[in-house]
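Position one of the sequence shown corresponds to residue 2 (the numbering used here), numbered consecutively onward.
Report on the following structure.
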Amino acid sequence: MSKKVLFFLMFFTLIIMIVAPINKIDAKQNDLNKLDLSLSPIDLSFNLSNMKPGDWLTRELTVFNNSTEDFYYNTSVQLLSGSEKLYNELSFIVKDSNSELYNGKLSEFKGLSPRSLSKNGNESLTFTVEFPTHLGNEFQGLSSEIVFKFYVDRTVGVVPLDGTRLPETATNFYNILFLGGILFITGLIINYVLEKRRVMY
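Right, here's the structure in full:
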């Protein structure tokens with residue numbers, strides 16, 4: 002095998018190892034860009050002021066899947082402004098039409114179990130923020146503004162939590178990487194043998 006052929010083999014292997022993961026990332030991003038999640042009303046926020054122990058605020062939100070395929074979605078919460086002290090003590094409840102999805106401190110809310118939503122489908126959720134009755138007078142007069150963000154978590158077919166199916170997005174990449182590694186090592190061995198023969202003769 003000539004050095005030109007060996008050089009071409011090693012260069013081709015290097016290109017595969019660089020380009021393959023980039024193409025996979027771009028393909029995954031394009032798939033996510035096709036997914037369309039919308040809300041009614043268009044946002045979910047709570048401006049908590051002038052509340053006293055025992056008060057609560059409730060908001061109802063409908064999530065729409067305007068895409069041509071099913072997907073999972075999720076939500077997160079963020080304190081925009083106001084008292085972090087009050088935010089850390091607020092109680093929070095999330096319900097769908099059938100059951101309670103979360104009941105605990107707002108500050109400890111890390112999202113729901115990914116919610117499956119069929120194409121052109123929708124579902125309504127109810128969010129309740131409560132001012133706990135046990136809080137003392139030092140919390141009265143404090144205020145907090147919080148907002149919830151909704152996002153597509155992943156497409157249906159990749160089930161992340163129950164262990165029935167695992168993502169296969171990286172399988173082809175590692176196969177290509179493994180093949181590229183074999184070709185690269187083979188090229189190094191051949192080059193070593195050729196150089197050794199050249200020295201001997």
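Glycine included, each C-beta is placed from N, C-alpha and C at the ideal position.
Treat the numbers as computed from the prediction; the structure is a model and nothing was measured.
Verify whether the separation of the beta carbon atoms of T134 and I94 is less than 9 Å. no
Which residues in the same chain as S82 place their Cβ atom closer than 7 Å to its Cβ, once the five residues preceding and following it in sequence are excluded? E146
Taking all protein chains shown into account, do 16 or more other C-beta atoms lie within 10 angstroms of the C-beta of N104, making it buried, or fewer, making it exposed? exposed
Identify which residue in R60, P115 and G142 has its Cα closest to the Cα of R155. P115
Give the DSSP bridge partners of Q79, in chain order. V148
Name the two residues that bound the continuous beta strand (DSSP E) containing E61. W57 to N66
Are S100 and F149 close, meaning C-beta to C-beta below 9 Å? no
Considering Cα atoms alone, identify which of T59, N89, D37 and T63 is closest to F226. Outside the shown range of the chain, which is 2 to 202, sits residue 226, and nothing can be said about it.
DSSP bridge partner residues for N104 (one or two, in chain order): I94
Reference K35, options G122, T69 and S92, closest by Cα: T69
Per DSSP, cross-strand counterpart(s) of I124: In the sequence on display, residue 124 carries Glu and not Ile. According to DSSP, which records beta bridges pairwise, E124 is partnered with V64.
Which partner residues of Y88 appear in the DSSP bridge assignment? Answer is none; Y88 lacks a bridge partner.
In whole angstroms, give me the CA-to-CA distance for L63 and Q79. Residue identity differs from the one stated: residue 63 is Thr in this sequence, not Leu. If you take the alpha carbons of T63 and Q79, they lie about 19 Å apart.
Whose C-beta lies closer than 8 Å to the C-beta of L49 among residues of the same chain, with five residues either side of it excluded? L58, G83, L87, L91, V130, F132, S144, S145, E146 and I147
DSSP three-state call for N99: helix, strand or coil? coil
How about L38 and V153: are their beta carbons less than 9 Å apart? yes
Where does F72 fall in DSSP's three states? strand
Which first and last residues belong to the beta strand (DSSP E) in which F47 is found? L45 to L49
Which same chain residues, not among the five before or five after L136, have their C-beta less than 8 Å away from its C-beta? P54 and E90
Alpha carbons only, please: which of M52, E61 and L102 is nearest the one belonging to P42? E61
Which class does T129 belong to by DSSP, given the choice of helix, strand or coil? strand
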